[in-house]
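**Student:** What follows is a structure written as structure tokens; I'll ask about it next.
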Amino acid sequence: DAGVTQSPTHLIKTRGQQVTLRCSPKSGHDTVSWYQQALGQGPQFIFQYYEEEERQRGNFPDRFSGHQFPNYSSELNVNALLLGDSALYLCASSDRTVLNEKLFFGSGTQLSVL
Amino acid sequence: AQTVTQSQPEMSVQEAETVTLSCTYDTSESDYYLFWYKQPPSRQMILVIRQEAYKQQNATENRFSVNFQKAAKSFSLKISDSQLGDAAMYFCAYRSTTSGTYKYIFGTGTRLKVLA
């Protein structure tokens, strides 16, 4: 049973560019969350997707957008990249039908903005 | 707004010994979940242990146990019989049970070193 998979594992972009990160949830999971983890910090919540809709958003600008597909996979898009967007981006999935649902994380995409 | 604080940036423990990692949080809610996650060099966050605030009994998972002090808003993790594989970053996290709230709030982490 594959866990949460993310691609790519590493990415280098320049300021002003746009980037798309991808996530496939754990088998059987229908909910995907995205977190940004800056160097030396804990993960910060970006948003969560369920039934192809964003159902909660953290304190991130509109440059951060997402999408969830019918197969529950998800994309995170970041426009007009800034140096401060350099971070590890973690995807987490869960099954909301399970009592006491738990988050399962992927290994992340390390984004470097030059 | 809720906050989670981990005041120990780094801790060391001798193999086979016991270590306690500290976490405090701030909230006005009465019901919530608390977690400890482990992040090894592979970067994948792994759930170590979970505590429901309404439960007075402290959670345990094999060598891992917590000391949950609700009134003090303290949630420490005890690792017994430490192993080399326990070396990692450990994050304390909070999640509200309020309807429509799904985000986890993480602390800044504690790096645990295990000495052979």
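These protein sequence lines map, in sequence, to chains Y and X.
Each residue of the first sequence is one higher than the one before, counting from 492 in our numbering.
Each residue of the second sequence is one higher than the one before, counting from 834 in our numbering.
Cβ atoms here follow ideal geometry from the backbone N, Cα and C, with glycine treated the same way.
The structure displayed is predicted, hence computed values, not measured ones.
Assuming the contact rule is C-beta atoms closer than 8 Å, residue 557/Y and residue 564/Y should be a hit. Round their C-beta distance to whole Å, please.
**Tutor:** The residue given as residue 557/Y occupies position 66 in the first sequence. The residue given as residue 564/Y occupies position 73 in the first sequence. Incorrect: roughly 11 Å between the Cβ atoms, too far for contact.
**Student:** Is there a Cβ from chain Y that is less than 7 Å from the Cβ of residue 940/X?
**Tutor:** On the second sequence, position 107 is the one that residue 940/X refers to. Yes, contact with chain Y.
**Student:** Measuring CB to CB, does residue 537/Y end up less than 7 Å from residue 551/Y?
**Tutor:** The count along the first sequence starts at 1 and reaches residue 537/Y at position 46. The count along the first sequence starts at 1 and reaches residue 551/Y at position 60. Cβ distance < 7 Å, so residue 537/Y and residue 551/Y count as in contact.
**Student:** Take residue 587/Y and list the residues in its own chain whose beta-carbon comes closer than 6 Å to its own, dropping the five residues that flank it on each side.
**Tutor:** The residue you call residue 587/Y lines up with position 96 of the first sequence. Around residue 587/Y: 522.
**Student:** Run through chain X and tell me which residues come within less than 8 Å of residue 534/Y, C-beta to C-beta.
**Tutor:** Residue numbering aside, residue 534/Y sits at position 43 when the first sequence is read from its first letter. Proximity of chain X to residue 534/Y at the Cβ level (cut-off 8 Å) is accounted for by 878, 924, 937, 939, in chain order.
**Student:** Measuring only between beta-carbons, confirm whether residue 555/Y sits less than 7 Å from chain X.
**Tutor:** Position 64 of the first sequence, counting from 1, holds the residue named residue 555/Y. Taking Cβ atoms only, chain X never reaches closer than 7 Å to residue 555/Y, which makes this a no.
**Student:** Can you tell which of 853/X, 835/X, 836/X has its C-alpha closest to the C-alpha of residue 947/X?
**Tutor:** Against the second sequence, residue 947/X aligns to sequence position 114. Nearest C-alpha to residue 947/X: 853/X.
**Student:** What number of angstroms, rounded off, separates the C-alpha of residue 555/Y from the C-alpha of residue 849/X?
**Tutor:** By 1-based counting over the first sequence, the position of residue 555/Y is 64. By 1-based counting over the second sequence, the position of residue 849/X is 16. In a straight line, the C-alpha of residue 555/Y is about 45 Å away from that of residue 849/X.
**Student:** Which parts of the region 507–540 of chain Y are runs of the beta strand (DSSP E), unbroken and 3 residues or longer, counting only runs that do not cross its ends?
**Tutor:** 510–515, 522–528
**Student:** Using the beta-carbon count (16 or more within 10 Å), is residue 593/Y buried or exposed?
**Tutor:** Walking along the first sequence from the start, residue 593/Y turns up at place 102. Label assigned to residue 593/Y: exposed.
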